[in-house]
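Peer 1: Right, I'll just put the structure down here and ask away after.
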Amino acid sequence: AVAYEANKPLVVEDVQVAPPQAGEVRIKILSTALCHTDYYTWSGKDPEGLFPCILGHEAAGIVESVGEGVTDVQPGDHVIPCYQAECKDCKMCKSGKTNLCGKVRGATGVGVMMSDRKSRFSVNGKPIYHFMGTSTFSQYTVVHDV
Numbered sequence: 001a002v003a004y005e006a007n008k009p010l011v012v013e014d015v016q017v018a019p020p021q022a023g024e025v026r027i028k029i030l031s032t033a034l035c036h037t038d039y040y041t042w043s044g045k046d047p048e049g050l051f052p053c054i055l056g057h058e059a060a061g062i063v064e065s066v067g068e069g070v071t072d073v074q075p076g077d078h079v080i081p082c083y084q085a086e087c088k089d090c091k092m093c094k095s096g097k098t099n100l101c102g103k104v105r106g107a108t109g110v111g112v113m114m115s116d117r118k119s120r121f122s123v124n125g126k127p128i129y130h131f132m133g134t135s136t137f138s139q140y141t142v143v144h145d146v
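Start counting the sequence shown at 1; every next residue gets the next number (UniProt numbering).
Put into structure tokens, the structure is as follows:
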């Protein structure tokens, strides 16, 4: 479901979901939940909210495919997407304070993927922003390998 504008109905439509690139995982979403954070962003009250986007950040699914270099999961694994991914390389990640990873936040906070600063979602060739690095209001999503 695509949120094209704040406080407007979500649009259920076909969305192209690109394959995962290096360090990324494509997940088939089996179930998702609605959280107040999704509502807050959709309502237009979130100053960091970006539109159009695919909301949702609480879900469970099955790994559909993996990008190059992904070794922690494989197709068929049951997973829970994590909205606070980690780069594994920065000072915070190496210190164990992975929740403070600025490298990943720098990408997920602006609705794109870390590797190329682009979205994996599009509708009719136009990019749709990711939400909190997970975008679980979709049948498929692409997330960072954590």
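C-beta atoms are modelled at their ideal positions from N, C-alpha and C, and glycine is treated no differently.
Quick one: what does DSSP say Leu100 is sitting in, helix, strand or coil?
Peer 2: The sequence position of residue 100 within the sequence shown is 100, counting from 1. DSSP places Leu100 in helix when its eight states are reduced to three.
Peer 1: With respect to the beta strand (DSSP E) encompassing His144, which residues constitute its N-terminal and C-terminal limits?
Peer 2: In the sequence shown, counting from the first residue as 1, residue 144 sits at position 144. Tyr140 to His144 is the extent of the beta strand (DSSP E) around His144.
Peer 1: Starting from Lys126, trace the beta strand (DSSP E) both ways and give me its first and last residue.
Peer 2: Reading the sequence shown from its first residue, position 126 is the one you call residue 126. First-last of the beta strand (DSSP E) with Lys126: Lys126 to Ile128.
Peer 1: According to DSSP, is Lys91 part of a helix, a strand, or is it coil?
Peer 2: The residue given as residue 91 occupies position 91 in the sequence shown. Looking at Lys91 - three-state DSSP - the assignment turns out to be helix.
Peer 1: I'd like to know whether the C-beta atoms of Ala59 and Thr134 end up nearer to each other than 8 Å.
Peer 2: Counting from one through the sequence shown, the residue named residue 59 turns up at place 59. Counting from one through the sequence shown, the residue named residue 134 turns up at place 134. Yes.
Peer 1: How many angstroms separate the CA atom of His57 from the CA atom of Asn99?
Peer 2: Here residue 57 refers to the residue found at position 57 of the sequence shown. Here residue 99 refers to the residue found at position 99 of the sequence shown. Roughly 16 Å separates the two Cα atoms.
Peer 1: So, does the CB of Val146 fall closer than 8 Å to a CB anywhere in chain D?
Peer 2: Protein chain content of the structure displayed is limited to a single chain, and chain D is not contained in it.
Peer 1: Which residue's Cα is closest to the Cα of Gln74: Gln16, Ile27 and Phe131?
Peer 2: As a first step, residue 74 must be located in the sequence shown, where it is residue number 74. Closest by alpha carbon: Ile27.
Peer 1: Can you give me the Cβ contacts of Ala1 inside the same chain, cut-off strictly under 6 Å, excluding the 5 residues immediately before and after it?
Peer 2: On the sequence shown, residue 1 is found 1 positions in, with the first residue counted as 1. Only Leu10, Val12 and Phe137 meet the Cβ criterion.
Peer 1: Report the rounded CA-to-CA distance for Gly44 versus Phe131, giving the unit in angstroms.
Peer 2: By 1-based counting over the sequence shown, the position of residue 44 is 44. By 1-based counting over the sequence shown, the position of residue 131 is 131. The straight-line gap from Cα to Cα measures roughly 14 Å.
Peer 1: Distance check for Cys53 and Tyr83, CA to CA, integer angstroms please.
Peer 2: As a first step, residue 83 must be located in the sequence shown, where it is residue number 83. As a first step, residue 53 must be located in the sequence shown, where it is residue number 53. Going by the C-alpha atoms only, they are around 15 Å apart.
Peer 1: For the alpha helix (DSSP H) containing Thr136, list its first residue and its last residue.
Peer 2: For the purposes of this step, residue 136 is identified with residue 136 of the sequence shown, where counting begins at 1. It is not in any alpha helix (DSSP H) - Thr136 carries neither H nor E in the DSSP assignment.
Peer 1: Taking the alpha helix (DSSP H) that Ser31 belongs to, which residues open and close that run?
Peer 2: Residue numbering aside, residue 31 sits at position 31 when the sequence shown is read from its first letter. First-last for Ser31: Glu24 to Thr32, but that is the beta strand (DSSP E), not the alpha helix (DSSP H).
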